[in-house]
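Once you know that position 77 of the sequence shown is 215 in this note's numbering, the rest is easy, because the numbers rise by one and skip nothing. Where a beta carbon is used, it is the ideal one built from N, C-alpha and C, also for glycine. Being a predicted model, the structure only gives us computed values, none of them experimental. This report refers to the structure that appears directly beneath it.
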Amino acid sequence: MSKTAKILNEDKLVKKAVEVGLKMAKLQGFDLSSTSQPTTIKAVYLFLVEVNQITPLPAGKLDGANIKKRLALWIHRALPDNDPLK
139 MSKTAKILNE DKLVKKAVEV GLKMAKLQGF DLSSTSQPTT IKAVYLFLVE VNQITPLPAG
199 KLDGANIKKR LALWIHRALP DNDPLK
């Protein structure tokens with residue numbers, strides 16, 4: 139997959155990544171629940187960076203769109219080949 143390729147189902151992949159990330163955090167004793175979606179997405183991203191599941195973004199690119207793209211790429215690689223989201 140090239141770096142500029144558009145990810146199919148990116149919104150659904152982000153939703154799945156947040157769901158999986160929240161479960162992982164809960165299993166490790168962290169409660170990342172939040173009332174707003176952007177805050178939850180950023181919390182999951184920071185958690186996954188902390189546990190070395192994803193590579194952190196450069197400081198200048200730490201915004202909502204780039205975080206969502208990084209989460210979508212992470213879950214896309216983690217899903218099995220026969221998953222409908224791939």
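Quick one: residues in its chain with C-beta nearer than 8 Å to the C-beta of residue i, no 5 flanking neighbours on either side, listed in chain order?
i	result
K161	none
P176	G202
T173	none
Could you compute how far the alpha carbon of residue i sits from the alpha carbon of residue j?
i	j	result
A155	L209	6 Å
A163	P218	21 Å
Does the distance from the C-beta atom of residue i to that of residue j stay below 7 Å?
i	j	result
L151	H214	yes
N204	L195	yes
What's the call for residue i, buried or exposed, on a 16-neighbour Cβ count within 10 Å?
i	result
V189	exposed
A216	exposed
K206	buried
Between residue i and residue j, how many whole angstroms is the CB-CB distance? I'm expecting something under 8 Å.
i	j	result
L186	G159	6 Å
L170	T178	7 Å
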